[in-house]
């Protein structure tokens, strides 16, 4: 055991851009200590959005395709736009790209975008 009495604990699965508060207490065979003073707030860092899911193309007349996908979790930050890329190459080398503004920024996660 080292002479440093400080302890660390890494907490996972906290939500980005949320405030969290912490308290600690010690436990021995005799019982529990009182809780420490509250520490915080500590704001978790931002996180990039998850990737869109349910991507599919629907062939239309006249050499057109409608691309649909479900909106991803964006962790309390608005999605500004989507970037769609396409190619005749299955590995998407040298693709064409188009930026599509997100015209419905408040739609819930999992909403199908057409």
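Residue numbers (our numbering): 22 to 135.
Here a beta-carbon is modelled for each residue, glycine too, at the ideal position from N, C-alpha and C.
Compute the Euclidean distance between the alpha carbons of residue i and residue j, then round it to the nearest angstrom.
i	j	result
residue 77	residue 36	30 Å
residue 107	residue 33	36 Å
residue 22	residue 40	In this predicted model, residue 22 has a pLDDT of only 47, less than 50, meaning its place in the structure is not dependable; the value taken from the coordinates is given anyway. Their Cα atoms are separated by approximately 33 Å.
residue 49	residue 26	16 Å
residue 116	residue 82	22 Å
residue 56	residue 47	8 Å
residue 84	residue 111	18 Å
Compare the C-alpha of residue i against each of the options and name the closest.
i	options	result
residue 101	49, 123, 47	123
residue 59	45, 51, 96, 114	45
residue 63	79, 43, 47, 29	43
residue 31	55, 65, 54, 53	65
Please list the terminal residues of the continuous beta strand (DSSP E) segment that includes residue i.
i	result
residue 104	102 to 107
residue 120	117 to 122
residue 89	85 to 91
residue 96	Per DSSP, residue 96 belongs to no beta strand (DSSP E) and is neither H nor E.
residue 81	74 to 81
Enumerate in chain order the residues of its own chain whose CB-to-CB distance from residue i is below 6 Å, with the five nearest sequence positions on each side excluded.
i	result
residue 90	73, 75, 76, 134
residue 51	none
residue 119	105
Starting from the C-beta of residue i, find all residues in its chain whose C-beta is less than 8 Å away, skip the five residues before and the five after it, and write them out in chain order.
i	result
residue 67	37, 38, 96, 98
residue 70	93, 94, 95, 96, 98, 100
Quick test of your reading: residue i and residue j, contact by CB under 8 Å. State the CB separation rounded to the nearest angstrom.
i	j	result
residue 177	residue 105	In the structure displayed, the chain extends from 22 to 135; residue 177 sits before or after that span and is not available.
Note down, in chain order, each residue of its chain lying with its Cβ closer than 7 Å to the Cβ of residue i, except the 5 sequence neighbours on either side.
i	result
residue 121	102, 103, 105
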